[in-house]
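> Here it is: the structure, laid out below.
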Amino acid sequence: MEIHQKRMPLEGEERFSSGCAISGLFNKNGDRFSGRDAITSISVMHDRSNGLGGGFAGYGIYPEYKDFYAFHIFYYGNEAKRNCEEYLDEHFDLINLSKIPTQKHHNITDEPLIWRYFVTPLPTKLVNSQLDEKEYTARCVIHINTDIKGAYVFSSGKNMGVFKAVGYPEDVGEFYRLDDYKGYSWTVHGRYPTNTPGWWGGAHPFALLDYSVVHNGEISSYDANRRFIEMYGYNCTLQTDTEVITYMIDYLHRRQGLNFEEVAHVIAAPFWSTIGRKSEEEIAEYTYLRNTFASMLITGPFSIILGFNGGLMALNDRLKLRSLVAAEKGDMVYLASEEAAIRIIEPNPDRVWHPSGGKPVIVTLNK
Amino acid sequence: MTTIDVGSRAFDELNKEIRACTDTELVLNNVQGQRYIGCALSRRCITIEGTPGNALGSYLDGCTIIVNGNAQDATGDTMNDGRIIIHGSCGDATGYSMRGGKIFIRDSAGYRSGIHMKAYEEKQPVIIIGDRAGSFLGEYLAGGTIIVLGLHQEGKAPVGYFCGTGMHGGKIYLRCDTLPSDLPQQVSASDATPEDFAEISESLEDYCSTFALDKEALLSDHFFVLRPNSSTPYKMLYTNV
Chain A
1 MEIHQKRMPL EGEERFSSGC AISGLFNKNG DRFSGRDAIT SISVMHDRSN GLGGGFAGYG
61 IYPEYKDFYA FHIFYYGNEA KRNCEEYLDE HFDLINLSKI PTQKHHNITD EPLIWRYFVT
121 PLPTKLVNSQ LDEKEYTARC VIHINTDIKG AYVFSSGKNM GVFKAVGYPE DVGEFYRLDD
181 YKGYSWTVHG RYPTNTPGWW GGAHPFALLD YSVVHNGEIS SYDANRRFIE MYGYNCTLQT
241 DTEVITYMID YLHRRQGLNF EEVAHVIAAP FWSTIGRKSE EEIAEYTYLR NTFASMLITG
301 PFSIILGFNG GLMALNDRLK LRSLVAAEKG DMVYLASEEA AIRIIEPNPD RVWHPSGGKP
361 VIVTLNK
Chain B
1 MTTIDVGSRA FDELNKEIRA CTDTELVLNN VQGQRYIGCA LSRRCITIEG TPGNALGSYL
61 DGCTIIVNGN AQDATGDTMN DGRIIIHGSC GDATGYSMRG GKIFIRDSAG YRSGIHMKAY
121 EEKQPVIIIG DRAGSFLGEY LAGGTIIVLG LHQEGKAPVG YFCGTGMHGG KIYLRCDTLP
181 SDLPQQVSAS DATPEDFAEI SESLEDYCST FALDKEALLS DHFFVLRPNS STPYKMLYTN
241 V
């Protein structure tokens with residue numbers, strides 16, 4: 001383990017009766033709003049976190065740079081920054097770079113250097129690589145996270161960004177000044193790490209390209225999933241199970257071309273006995289997906305919210321061992337671990353419901 | 001009557017104030033997800049406006065809790081006595097390990113309602129759900145009674161998958177015309193008899209008067225009763241090791 005990861009309190013050093021919290025807010029009309037509502041929502045679930053991680057993903061926040069990949073990077077030391085910038089220079093056109101604006105917060109300490117780069121792949125390098133733009137970019141991100149010591153790209157999509165830290169999520173939101181950003185979609189996570197250290201890179205959301213995942217739960221199948229996904233060029237470097245979900249979704253959706261509904265049927269596949277009672281057509285589809293992607297089944301308790309450009313997907317494990325509530329009001333869709341976290345920002349939703357295990361809630365922008 | 005405006009205060013502070021209150025009637029306004037409200041309390045009535053947090057009325061010991069809205073997860077966790085009345089729906093694991101008292105839910109309940117509920121002599125817990133229950137209703141049920149009235153379900157089984165999995169005691173009443181398609185072998189289903197109805201008459205009367213329903217009309221419809229199947233009991237799995 002790296003030295004900067006060792007300084008953080010480890011699992012078991014402190015104990016509170018708790019569990020993670022997630023929340024998501026989405027405007028189907030594409031109207032943009034600040035990160036304030038996400039902060040308010042997650043603050044209601046303060047007791048589900050223990051101060052060892054919080055983070056946000058906002059979509060539609062960089063309209064002026066919407067054609068460029070926005071890399072958010074943690075650096076532990078100037079050498080990491082030099083090495084990483086050298087690598088970025090070799091592989092991308094750097095359109096803009098700056099420190100990510102933060103404000104001092106008494107509960108957020110030991111921050112690494114936090115930088116943001118708007119980049120586009122160097123045309124010649126891209127052609128030579130014989131890869132498409134997204135694959136090229138994803139491989140560069142994985143390279144940095146694996147091979148450049150002390151540098152972690154924690155956000156790499158277009159017109160979206162992840163903001164995360166060690167701390168309570170409401171403090172993390174203030175630290176990153178999320179009042180200053182406007183997006184049509186926000187997800188947020190309050191962390192209570194159970195098996196892995198609380199460090200900046202281990203906070204949620206976990207993101208690759210424009211996919212970001214916030215997760216409450218723990219993956220019993222982590223090692224099986226990790227071994228499978230690492231055969232396809234991904235590297236799990238962030239020491240926590242959620243990371244692998246992000247890569248699995250990238251693999252299934254971007255590389256295999258499954259739609260999100262099908263992705264849900266792979267990672268939260270129903271039991272064979274349940275599949276057996278479906279219609280013939282559904283039996284064929286579910287059986288195909290379970291057999292083809294057998295190593296991509298996620299077992300153990302989870303509720304996740306996946307963010308992507310233009311939408312959100314919420315999903316529970318098939319046994320529904322973690323809580324998830326959804327609500328709608330006009331063009332707004334709300335998702336959260338607890339209903340109270342929705343009602344604090346929308347006291348009178350048109351509809352409130354509890355999604356069933358394994359049944360995704362998918363919302364996308366109106367066409 | 002004492003009224004507390006709850007707002008964003010911490011759950012432990014709130015519960016201390018509730019415990020310290022000597023008034024028998026308590027109204028909590030603007031509740032924002034505070035946990036463990038009414039934990040282990042007896043002899044008073046708490047009315048809640050807003051959304052109470054998880055484990056509402058855990059270890060409840062005789063108190064009445066009325067929620068004008070929805071409740072979250074683990075309502076009535078290990079409840080011993082008293083009443084919890086929800087004018088709305090509940091999240092998952094309602095009545096988790098409950099061993100006495102009554103929980104009345106006007107609308108629906110989430111997954112695992114009545115998981116590991118148990119009964120002993122005069123301790124006979126009852127959960128009544130108006131519309132529908134999620135999957136794993138009565139999982140590992142060891143005792144007590146769960147009734148799902150299937151309102152607005154058009155006669156379909158008002159439960160999700162895996163109803164009664166691990167059930168080895170107690171009874172589940174379902175008001176519907178067709179059974180769940182995936183009942184485990186260890187559960188047997190039969191049409192409700194007059195004796196079965198007599199057993200739930202008092203609780204149902206209470207439920208119907210609480211939510212202004214016509215008890216006789218409900219009872220004129222078809223009910224199934226689920227019990228542990230004595231010929232292939234889970235009991236054998238658990239005790240004959």
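Protein sequence lines, in the order shown, are assigned to chains A and B.
Using this note's numbering, the first residue of the first sequence is number 1, and each one after it goes up by one.
Using this note's numbering, the first residue of the second sequence is number 1, and each one after it goes up by one.
For every residue, glycine included, the Cβ atom is placed at its ideal position computed from N, Cα and C.
In angstroms, rounded to a whole number, what distance separates the CA positions of A:Ala38 and A:Trp353?
Here residue 38 of chain A corresponds to residue number 38 of the first sequence, with the count starting at 1. Here residue 353 of chain A corresponds to residue number 353 of the first sequence, with the count starting at 1. Using only the alpha carbons, I get a separation of about 20 Å.
> Just list the residues that DSSP pairs A:Asn316 with in beta bridges.
For the purposes of this step, residue 316 of chain A is identified with residue 316 of the first sequence, where counting begins at 1. In DSSP, A:Asn316 forms a bridge with A:Ser303.
> By Cβ distance below 8 Å, which residues in the same chain neighbour B:Asp23 in space, the five residues on each side in sequence not counted?
For the purposes of this step, residue 23 of chain B is identified with residue 23 of the second sequence, where counting begins at 1. Closer than 8 Å at the Cβ level, and outside the excluded window around B:Asp23, lie Met1, Thr2 and Arg44.
> Taking only beta-carbon positions, decide if B:Thr81 is within less than 7 Å of chain A.
Numbered from 1 along the second sequence, position 81 holds the residue referred to as residue 81 of chain B. It should be noted that the sequence gives Asp, not Thr, for residue 81 of chain B. False, the Cβ-Cβ gap to chain A never drops below 7 Å.
> Please confirm whether A:Asn216 and A:Ser49 have their CB atoms less than 7 Å apart.
The residue you call residue 216 of chain A lines up with position 216 of the first sequence. The residue you call residue 49 of chain A lines up with position 49 of the first sequence. Going by C-beta atoms, A:Asn216 is not nearer than 7 Å to A:Ser49.
> Sorted by chain position, which residues of the same chain lie with C-beta nearer than 6 Å to B:Leu137's C-beta, five sequence neighbours on each side aside?
Taking the first residue of the second sequence as position 1, residue 137 of chain B is located at position 137. Excluding residues within five positions, the ones whose Cβ falls inside 6 Å are Ser113, Val159 and Cys163.
> Expressed to the nearest angstrom, what Euclidean distance is found between the alpha-carbon atoms of B:Ser263 and A:Tyr69?
Outside the shown range of chain B, which is 1 to 241, sits residue 263 of chain B, and nothing can be said about it.
> Please state the DSSP three-state secondary structure of A:Ser279.
The count along the first sequence starts at 1 and reaches residue 279 of chain A at position 279. Coil.
> Return helix, strand or coil for B:Cys45, following the three-state DSSP convention.
As a position in the second sequence, residue 45 of chain B is number 45, starting the count at 1. It is a strand residue.
> Looking at chain A, which residues of the region 48-63 of chain B have a Cβ within less than 9 Å of any of its Cβ atoms?
From the region 48-63 of chain B, only Gly50, Thr51, Pro52, Gly53 and Asn54 have a Cβ closer than 9 Å to chain A.
> Do three or more CB pairs link the region 195-202 of chain A to the region 272-288 of chain A at distances below 8 Å?
Touching, no, given that fewer than three Cβ pairs across the two stretches are closer than 8 Å.
> Express the C-alpha separation of A:Thr194 and A:Thr240 in angstroms, rounding to a whole number.
Here residue 240 of chain A is taken as the residue at index 240 of the first sequence, counted from 1. Here residue 194 of chain A is taken as the residue at index 194 of the first sequence, counted from 1. Rounded to whole angstroms, A:Thr240 to A:Thr194 spans 10 Å at the Cα level.
> Across which residues does DSSP place A:Arg36 in a beta bridge pair?
As a working mapping, residue 36 of chain A is identified with position 36 in the first sequence. None; A:Arg36 has no bridge partner.
> Counting only Cβ pairs nearer than 8 Å, list the residues of chain B close to A:Gly357.
By one-based count along the first sequence, residue 357 of chain A stands at place 357. Here the neighbours are Tyr111 and Ser135.
> May I ask you to report which of helix, strand or coil DSSP gives A:Met248?
Within the first sequence, numbered from 1, the residue matching residue 248 of chain A stands at position 248. Looking at A:Met248 - three-state DSSP - the assignment turns out to be helix.
> Going by beta carbon distance, what residues of the same chain come within less than 7 Å of A:Arg15, once the five residues before and after it are set aside?
Walking along the first sequence from the start, residue 15 of chain A turns up at place 15. Bear in mind that the predicted position of A:Arg15 carries a pLDDT of just 43, short of 50, making it unreliable; the figure below should be weighed with that in mind. Here the set comprises nothing.
> Give the DSSP bridge partners of B:Lys123, in chain order.
Locating residue 123 of chain B in the second sequence gives position 123, where the first residue counts as 1. Bridge partners of B:Lys123: B:Tyr120.
> Between the region 10-36 of chain B and chain A, which residues of the former have a C-beta closer than 9 Å to a C-beta of the latter?
Listed by position, the residues of the region 10-36 of chain B near chain A (Cβ gap below 9 Å) are Ala10, Phe11, Val31, Gln32, Gly33, Gln34 and Arg35.
> One question on the structure: do A:Asp210 and A:Met160 come within less than 7 Å of each other, judged by their Cβ atoms?
In the first sequence, counting from the first residue as 1, residue 210 of chain A sits at position 210. In the first sequence, counting from the first residue as 1, residue 160 of chain A sits at position 160. Contact flag set, yes.
> Go to A:Arg226, then tell me how far its alpha helix (DSSP H) extends in each direction, as first and last residue.
Position 226 of the first sequence, counting from 1, holds the residue named residue 226 of chain A. That run of the alpha helix (DSSP H) goes Tyr222 to Glu230.
> Quick check on A:Val244 - is its C-beta less than 7 Å from some C-beta in chain B?
One-based indexing of the first sequence puts residue 244 of chain A at position 244. No, A:Val244 does not count as interfacial toward chain B.
> Measure from the C-beta of A:Val44 to each C-beta in chain B and report whether the shortest distance is under 7 Å.
In the first sequence, the residue the question calls residue 44 of chain A occupies position 44. Yes, its Cβ sits closer than 7 Å to a Cβ of chain B.
> Taking A:Val361 as the reference, give the member of A:Lys329, A:Leu324, A:Ala341 and A:Asn348 with the closest Cα.
Numbered from 1 along the first sequence, position 361 holds the residue referred to as residue 361 of chain A. Considering only alpha carbons, the answer is A:Leu324.
> Roughly how many angstroms lie between the CA atoms of A:Glu11 and A:Thr196, to the nearest whole one?
Taking the first sequence and counting its residues from 1, one reaches residue 11 of chain A at position 11. Taking the first sequence and counting its residues from 1, one reaches residue 196 of chain A at position 196. Since pLDDT at A:Glu11 reaches only 42, below the 50 mark, its modelled position is unreliable, and no value is offered.
> Going along the chain, which unbroken runs of the beta strand (DSSP E) with 3 or more residues stay wholly within the region 95-160 of chain A?
Fully enclosed beta strand (DSSP E) runs of 3 or longer: 113-121 and 151-155.
> Label B:Tyr36 either buried or exposed according to how many other C-beta atoms from any shown protein chain fall within 10 Å of its C-beta, with 16 as the threshold for buried.
One-based indexing of the second sequence puts residue 36 of chain B at position 36. Its Cβ being crowded by 16 or more others within 10 Å, B:Tyr36 is buried.
> My guess is that A:Tyr87 and A:Leu113 are in contact by the Cβ rule of under 8 Å, so how many angstroms apart are they, rounded?
Walking along the first sequence from the start, residue 87 of chain A turns up at place 87. Walking along the first sequence from the start, residue 113 of chain A turns up at place 113. Not really, about 16 Å apart at Cβ, beyond 8 Å.
> Do you know whose CA, among A:Phe175, A:Glu339, A:Lys81 and A:Arg318, lies nearest A:Trp272's CA?
For the purposes of this step, residue 272 of chain A is taken as the residue at position 272 of the first sequence. If we check each option's Cα against that of A:Trp272, A:Arg318 comes out closest.
> Closer than 8 Å by beta-carbon distance: list the chain A residues that pair up with B:Asp92, in chain order.
Here residue 92 of chain B refers to the residue found at position 92 of the second sequence. Neighbours of B:Asp92 on chain A, chain order: Lys320, Ser323 and His354.
> Would you mind working out which of A:Ala327, A:Val213 and A:Arg139 sits nearest A:Asp350, comparing C-alpha positions?
Taking the first residue of the first sequence as 1, we reach residue 350 of chain A at position 350. Looking at the Cα atoms, A:Ala327 is the closest of the given residues.
> Per DSSP, A:Tyr59 forms a beta bridge with which residues?
As a working mapping, residue 59 of chain A is identified with position 59 in the first sequence. Paired residue(s): A:Met160 and A:Ser185.
> What are the boundary residues of the beta strand (DSSP E) that A:Ser212 is part of?
In the first sequence, counting from the first residue as 1, residue 212 of chain A sits at position 212. Its beta strand (DSSP E) spans residues Tyr211 to Gly217.
> How is A:Tyr176 classed by DSSP in three states: helix, strand or coil?
Here residue 176 of chain A refers to the residue found at position 176 of the first sequence. Looking at A:Tyr176 - three-state DSSP - the assignment turns out to be coil, as it is neither helix nor strand.
> To be precise: take each residue of the region 171-191 of chain B, compare its Cβ to all Cβ atoms of chain A, and keep it if any distance is under 8 Å. Which residues remain?
Taking 8 Å as the Cβ-Cβ cut-off against chain A, the residues of the region 171-191 of chain B that qualify are Ser181 and Asp182.
> Checking the sheet assignment: what are the DSSP bridge partners for B:Glu25?
As a first step, residue 25 of chain B must be located in the second sequence, where it is residue number 25. DSSP, once it has assigned bridges, lists B:Cys45 as partnering B:Glu25.
> Classify B:Arg83 as helix, strand or coil using the three-state DSSP reduction.
As a first step, residue 83 of chain B is located in the second sequence; it is residue number 83 there, counting from the start. Reduced to three states, the DSSP call for B:Arg83 is strand.
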